[in-house]
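Colleague:
Number of protein chains: 2
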Amino acid sequence: MNPLYFDNNATTRVAPEVLEAMLPYFTEYYGNPSSMHTFGGTVGRQINDARTKLADLLGASPEEIVFTSCGSESDNTAIMAALRSNPEKKHIITSRVEHPAVKNLCEYLAKTGYRVTFVPVDHKGRLDMEYLIRHLTDDTAIASFMWANNETGVIFPIDDLAGILSERGIIFHTDAVQAVGKVPIDVKKTRIDMLSLSGHKLHAPKGIGALYVRKGTKFSPFLIGGHQEKGRRGGTENVASIIGLGRASDFVAAHMTEENTRIKSLRDKLETQLVQKIPNALVNGDTDNRLPNTSSIAFEFVEGESILLMMNEFGICASSGSACTSGSLEPSHVLRAMGVPFTAAHGTIRFSLSIYNTEPEIDLIVEKLPPIIARLRTMSPFWKDTCGHTA
Amino acid sequence: MNPLYFDNNATTRVAPEVLEAMLPYFTEYYGNPSSMHTFGGTVGRQINDARTKLADLLGASPEEIVFTSCGSESDNTAIMAALRSNPEKKHIITSRVEHPAVKNLCEYLAKTGYRVTFVPVDHKGRLDMEYLIRHLTDDTAIASFMWANNETGVIFPIDDLAGILSERGIIFHTDAVQAVGKVPIDVKKTRIDMLSLSGHKLHAPKGIGALYVRKGTKFSPFLIGGHQEKGRRGGTENVASIIGLGRASDFVAAHMTEENTRIKSLRDKLETQLVQKIPNALVNGDTDNRLPNTSSIAFEFVEGESILLMMNEFGICASSGSACTSGSLEPSHVLRAMGVPFTAAHGTIRFSLSIYNTEPEIDLIVEKLPPIIARLRTMSPFWKDTCGHTA
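Note that the protein sequences, when read in sequence, are chains C and G. So in numbering that gives the first Met the number 0 the end of the first sequence lands on 390, straight run, no missing numbers. So in numbering that gives the first Met the number 0 the end of the second sequence lands on 390, straight run, no missing numbers.
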């Protein structure tokens with residue numbers, strides 16, 4: 000059974016065009032780009048070509064791109080680079096709703112002598128800008144704020160942040176893993192110092208990421224080894240996947256308009272109809288500033304995991320939060336930071352679309368989900384007690 | 000033109016069997032293994048299967064395997080894990096001939112408050128065991144010694160090291176990137192605490208590696224993020240490449256005998272004939288304890304780079320040292336540590352074979368290389384001056 004895949008913020012399908020671009024680099028052009036011979040050197044030129052394509056997607060220069068193994072490595076690299084390059088500064092500022100690669104690293108650093116400020120968000124997931132500004136100090140080595148939230152799709156005011164932080168001379172890193180390929184990004188216009196992205200969120204394979212590092216930003220490698228990436232990241236280049244990420248950059252650039260029109264309207268239809276047909280269904284997050292592909296809906300008084308399992312019977316794939324925090328039955332730290340009530344946070348489902356989704360798929364979810372929620376509510380003691388419904 | 004590829008210590012061809020195993024995981028089974036739905040869960044089971052295959056190759060248990068993005072990340076992870084888990088200890092012991100992922104990291108750490116001992120090697124690349132033992136202290140947090148050298152193929156006495164270090168209660172990490180798949184390894188018999196390996200040295204793709212961590216070894220993640228790899232390495236799993244590494248583990252296990260018979264004898268033939276036909280050609284390193292696939296030969300009084308360029312004309316791919324240190328015209332740190340004279344180190348070529356090499360290829364190199372060396376020597380002022388030859 001082909002899945003009805005609505006979990007694209009967890010990972011995306013590798014575009015067939017991307018796989019096709021990668022294929023020659025496994026068994027045929029398998030040379031090491033660092034080698035002296037033509038067989039390796041040719042591969043090196045393909046890597047440069049991919050670097051240019053990715054740079055173009057961001058409005059960056061190719062030499063500002065450092066390839067990494069994933070978004071998490073990019074995040075770790077950015078934060079550690081800023082701290083190592085500014086050893087006299089001991090303060091980090093970030094938000095309460097970051098991805099675990101930023102959040103857990105900052106919590107670890109807080110135990111090793113750094114001071115970390117976690118800026119709160121309001122009930123719609125919007126950053127408390129006043130709190131943020133109040134907590135910037137001369138000791139602040141790095142500010143790390145995600146471009147768009149992986150669970151709710153809420154977009155932070157990156158232009159404003161860039162303005163405030165560059166004025167204060169504070170290094171600004173943004174985890175743009177969920178934003179790249181979905182919304183236009185131009186580092187020429189927005190003064191970001193470092194930006195993380197991940198291939199597998201934009202139809203390249205898993206296991207490849209990149210970090211944009213603005214020219215002139217002080218840098219120190221996280222993964223220390225050989226001379227690769229101009230000394231900024233040791234380890235033999237993941238050739239096929241780098242070439243895949245280059246091809247995927249072109250692919251998402253070509254589909255950016257579709258993402259923001261067709262996909263956005265499919266998402267809106269799904270959301271509107273589900274909220275209409277299902278009582279006590281609430282959309283999480285700021286619907287005015289959101290990724291075009293993401294909808295986080297709380298179905299009150301039911302368990303997200305139970306919804307997922309019942310949707311799974313129909314091949315519908317979605318998520319109850321971030322895939323990176325799954326395995327835990329705690330409501331997500333994002334929804335908790337937003338103050339979403341326990342009964343709503345627990346029943347939250349994230350639908351995240353890609354250009355491969357279709358209208359008939361939306362219709363099928365709209366048909367299948369209301370009876371699932373109704374059935375689960377008949378089993379929920381909270382539902383009858385609280386609402387007096389009998390479902 | 001198909002290359003005559005003798006640079007397998009730099010990187011190997013992905014085995015067609017390995018690519019075949021990977022292919023379904025790009026466009027078809029592209030789910031995130033952390034997802035709740037069956038579509039992702041199925042992928043998770045395939046990862047476990049690959050983990051078991053790799054564990055079998057090493058005599059390890061599957062839960063002792065942590066997948067990483069490359070050998071360099073494995074090395075960084077092992078050393079940082081040992082230091083973070085034993086914060087009271089400030090001494091590291093390693094050798095002078097390690098891969099840059101160990102060497103450069105240790106040099107960096109030496110600047111940040113750690114004491115590092117670099118144990119010397121003799122003219123054959125053999126570890127000075129007495130020096131090593133004399134420099135072990137109660138403050139030693141980790142000993143990191145490679146299994147086999149990437150440039151010369153020289154094998155360190157890992158069993159002896161394991162015995163000495165475990166007796167002293169010192170964590171023993173070995174960078175086995177060049178050894179895994181070429182020589183039998185059994186961590187049940189050899190008391191290694193951590194072992195690094197890299198997929199692309201054993202016919203899996205670039206961009207995947209692993210770290211063996213013996214059960215009970217204190218550990219702290221290097222790449223901090225989500226719950227993946229049981230909290231030992233954040234970042235979405237590189238699914239296709241992990242599955243490739245699993246398949247490659249079976250592949251190299253099946254070819255281990257061939258590696259140590261046919262490939263070894265091809266290597267020996269190449270080496271013997273080149274040394275016979277070319278005056279002033281010297282084999283670097285301990286030929287009694289060497290990888291079966293590696294030959295490092297110094298052609299005195301010529302430049303390695305010039306030899307590579309002229310061999311390149313015939314499609315012969317080899318290396319003048321480690322691909323990870325190329326780009327520099329300095330003789331490699333490995334040959335310098337061995338005290339190989341300048342005139343020999345500069346003219347050193349590494350031939351590294353794989354199961355894809357054939358006897359006719361050997362014959363072709365034996366035919367083409369002697370006139371190349373002769374021609375280069377006619378241009379070398381050192382040659383005539385020093386040896387009185389007229390080539």
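For each residue, glycine too, the CB sits at the ideal point set by N, CA and C.
With respect to the beta strand (DSSP E) encompassing residue 143 of chain G, which residues constitute its N-terminal and C-terminal limits?
Modeller: Locating residue 143 of chain G in the second sequence gives position 144, where the first residue counts as 1. Residue 143 of chain G -> beta strand (DSSP E) spans 139-143.
Colleague: At least one CB of chain C closer than 8 Å to the CB of residue 94 of chain G: is that the case?
Modeller: Taking the first residue of the second sequence as 1, we reach residue 94 of chain G at position 95. Output row for residue 94 of chain G: interface = no.
Colleague: Beta carbon of residue 6 of chain G, beta carbon of residue 248 of chain C: below 8 Å?
Modeller: Walking along the second sequence from the start, residue 6 of chain G turns up at place 7. Walking along the first sequence from the start, residue 248 of chain C turns up at place 249. Their beta carbons are not under 8 Å apart, which means residue 6 of chain G does not touch residue 248 of chain C by this criterion.
Colleague: Tell me the DSSP secondary structure of residue 337 of chain C in three-state form.
Modeller: Your numbering for residue 337 of chain C matches position 338 in the first sequence. Residue 337 of chain C falls in the coil class under three-state DSSP.
Colleague: Measuring only between beta-carbons, confirm whether residue 25 of chain G sits less than 8 Å from chain C.
Modeller: Here residue 25 of chain G refers to the residue found at position 26 when the second sequence is read from its first residue. True, the Cβ-Cβ gap to chain C drops below 8 Å.
Colleague: Reducing DSSP to helix, strand and coil, say where residue 105 of chain G ends up.
Modeller: Here residue 105 of chain G corresponds to residue number 106 of the second sequence, with the count starting at 1. Residue 105 of chain G falls in the helix class under three-state DSSP.
Colleague: Check distances from the C-beta atoms of the region 78-104 of chain C to those of chain G and list, in chain order, the residues that come in under 8 Å.
Modeller: Here the close residues are 98, 99, 100, 103, 104.
Colleague: Could you tell me whether the Cβ of residue 205 of chain G comes closer than 8 Å to any Cβ of chain C?
Modeller: The residue given as residue 205 of chain G occupies position 206 in the second sequence. Taking Cβ atoms only, chain C reaches closer than 8 Å to residue 205 of chain G, which makes this a yes.
Colleague: Closest to residue 265 of chain C by CA distance: which of C:37, C:23, C:290, C:279 is it?
Modeller: Against the first sequence, residue 265 of chain C aligns to sequence position 266. When each option's Cα is compared against that of residue 265 of chain C, the closest is C:290.
Colleague: Residue 281 of chain G lies in the beta strand (DSSP E); which residues open and close that run?
Modeller: Numbered from its first residue, the second sequence carries residue 281 of chain G at position 282. Here the beta strand (DSSP E) through residue 281 of chain G covers 280-282.
Colleague: Does the distance from the C-beta atom of residue 23 of chain G to that of residue 238 of chain G stay below 8 Å?
Modeller: Against the second sequence, residue 23 of chain G aligns to sequence position 24. Against the second sequence, residue 238 of chain G aligns to sequence position 239. In this structure, residue 238 of chain G does not lie closer than 8 Å to residue 23 of chain G by Cβ.
Colleague: Would residue 343 of chain G pass as a contact of residue 373 of chain G if the rule is Cβ separation under 8 Å?
Modeller: Taking the second sequence and counting its residues from 1, one reaches residue 343 of chain G at position 344. Taking the second sequence and counting its residues from 1, one reaches residue 373 of chain G at position 374. Contact: no.
Colleague: Out of curiosity, what's the CA-to-CA distance linking residue 169 of chain C and residue 8 of chain C?
Modeller: Your numbering for residue 169 of chain C matches position 170 in the first sequence. Your numbering for residue 8 of chain C matches position 9 in the first sequence. So the two alpha carbons sit approximately 29 Å from each other.
Colleague: Just by C-beta distance, which residues in the region 5-36 of chain C are closer than 9 Å to chain G?
Modeller: Those residues of the region 5-36 of chain C that come within reach of chain G (Cβ to Cβ, closer than 9 Å) are 6, 9, 10, 11, 12, 13, 14, 15, 17, 18, 21, 22, 24, 25, 26, 27, 29, 30, 31, 32, 33, 34, 35, 36.
Colleague: Determine whether the Cβ of residue 225 of chain C lies closer than 8 Å to any Cβ atom of chain G.
Modeller: In the first sequence, counting from the first residue as 1, residue 225 of chain C sits at position 226. Chain G contact via Cβ: present.
Colleague: In terms of residues, what are the limits of the beta strand (DSSP E) holding residue 395 of chain C?
Modeller: Limits of chain C in this structure are 0 at one end and 390 at the other, which puts residue 395 of chain C out of reach.
Colleague: Would you mind telling me which residues of chain G sit closer than 7 Å to residue 172 of chain C, beta carbon to beta carbon, in chain order?
Modeller: Here residue 172 of chain C corresponds to residue number 173 of the first sequence, with the count starting at 1. Near residue 172 of chain C there are no residues of chain G at all, since even the closest Cβ is about 15 Å away, more than 7 Å.
Colleague: Quick one: is residue 45 of chain C buried, meaning 16 or more other Cβ sit within 10 Å of its Cβ, or exposed?
Modeller: The sequence position of residue 45 of chain C within the first sequence is 46, counting from 1. Per the 10 Å Cβ criterion, buried.
Colleague: According to DSSP, is residue 208 of chain G part of a helix, a strand, or is it coil?
Modeller: Sequence index remark: in the second sequence, residue 208 of chain G carries index 209 (1-based). Residue state, collapsed to three classes: strand.
Colleague: Would you call the CB atoms of residue 204 of chain G and residue 25 of chain C closer than 8 Å?
Modeller: Along the second sequence, one-based indexing puts residue 204 of chain G at 205. Along the first sequence, one-based indexing puts residue 25 of chain C at 26. Cβ atoms of residue 204 of chain G and residue 25 of chain C: closer than 8 Å.
Colleague: Would residue 234 of chain G count as contacting chain C if we go by Cβ distances under 8 Å?
Modeller: As a position in the second sequence, residue 234 of chain G is number 235, starting the count at 1. By this cut-off, residue 234 of chain G is an interface position.
Colleague: I'd like to check one pair, residue 189 of chain C with residue 161 of chain C: are the Cβ atoms closer than 8 Å?
Modeller: Here the question's residue 161 of chain C lines up with position 162 in the first sequence. Here the question's residue 189 of chain C lines up with position 190 in the first sequence. For residue 161 of chain C and residue 189 of chain C, yes; Cβs fall inside 8 Å.
Colleague: Grouping DSSP H, G and I as helix and E and B as strand, with all else coil, what is residue 379 of chain C?
Modeller: The residue you call residue 379 of chain C lines up with position 380 of the first sequence. In the structure shown, residue 379 of chain C sits in coil (DSSP, three-state: anything other than H, G, I, E or B).
Colleague: DSSP on residue 370 of chain C, reduced to helix/strand/coil?
Modeller: Residue 370 of chain C sits at position 371 when you count from the first residue of the first sequence. Looking at residue 370 of chain C - three-state DSSP - the assignment turns out to be helix.
Colleague: In this structure, how does DSSP classify residue 114 of chain G when only helix, strand and coil are distinguished?
Modeller: Taking the first residue of the second sequence as position 1, residue 114 of chain G is located at position 115. DSSP places residue 114 of chain G in strand when its eight states are reduced to three.
Colleague: Got a sec? Which residues, its chain only, sit under 7 Å from residue 336 of chain G by beta carbon, not counting five neighbours each side?
Modeller: For the purposes of this step, residue 336 of chain G is taken as the residue at position 337 of the second sequence. Here the set comprises 95, 96, 119, 120.
Colleague: Evaluate the contact criterion for the region 64-84 of chain G versus the region 300-307 of chain G: three or more CB pairs, one atom per stretch, below 8 Å.
Modeller: With the cut-off at 8 Å, the region 64-84 of chain G and the region 300-307 of chain G do not touch.
Colleague: Going along the chain, which residues of its own chain have a beta-carbon closer than 7 Å to the beta-carbon of residue 164 of chain G, five neighbours each way excluded?
Modeller: Taking the first residue of the second sequence as 1, we reach residue 164 of chain G at position 165. Same-chain partners within the cutoff: 142, 171.
Colleague: Measuring only the C-alpha atoms, how far is residue 108 of chain C from residue 360 of chain G?
Modeller: Indexing the first sequence from 1 puts residue 108 of chain C at position 109. Indexing the second sequence from 1 puts residue 360 of chain G at position 361. So the two alpha carbons sit approximately 54 Å from each other.
Colleague: Measuring straight from C-alpha to C-alpha, what distance separates residue 245 of chain G and residue 61 of chain C?
Modeller: On the second sequence, position 246 is the one that residue 245 of chain G refers to. On the first sequence, position 62 is the one that residue 61 of chain C refers to. Their backbone Cα atoms lie some 34 Å apart in a straight line.
Colleague: In the DSSP assignment, find the unbroken alpha helix (DSSP H) run with residue 84 of chain C in it and report its ends.
Modeller: Residue 84 of chain C sits at position 85 when you count from the first residue of the first sequence. That run of the alpha helix (DSSP H) goes 70-84.
Colleague: Between residue 368 of chain G and residue 273 of chain G, is the Cβ-Cβ spacing less than 8 Å?
Modeller: By one-based count along the second sequence, residue 368 of chain G stands at place 369. By one-based count along the second sequence, residue 273 of chain G stands at place 274. Result yes, Cβ atoms of residue 368 of chain G and residue 273 of chain G sit closer than 8 Å.
Colleague: For residue 80 of chain G, collect the residues of the same chain with a Cβ closer than 7 Å to its Cβ; drop the 5 residues on either side in sequence, then sort them by chain order.
Modeller: As a position in the second sequence, residue 80 of chain G is number 81, starting the count at 1. Excluding residues within five positions, the ones whose Cβ falls inside 7 Å are 218, 219, 221.
Colleague: Report the residues of the region 34-53 of chain C with a CB closer than 8 Å to any CB of chain G, ordered along the chain.
Modeller: Taking 8 Å as the Cβ-Cβ cut-off against chain G, the residues of the region 34-53 of chain C that qualify are 34, 35, 36, 37, 38, 39.
Colleague: Just the C-alpha distance for residue 186 of chain C and residue 153 of chain C, rounded to the nearest angstrom, thanks.
Modeller: The residue given as residue 186 of chain C occupies position 187 in the first sequence. The residue given as residue 153 of chain C occupies position 154 in the first sequence. If I take the Cα positions, the gap works out to 20 Å.
Colleague: Enumerate in chain order the residues of its own chain whose CB-to-CB distance from residue 147 of chain G is below 6 Å, with the five nearest sequence positions on each side excluded.
Modeller: Working through the second sequence from its first residue, we reach residue 147 of chain G at position 148. Correct list, in chain order: 154, 177, 178, 290.
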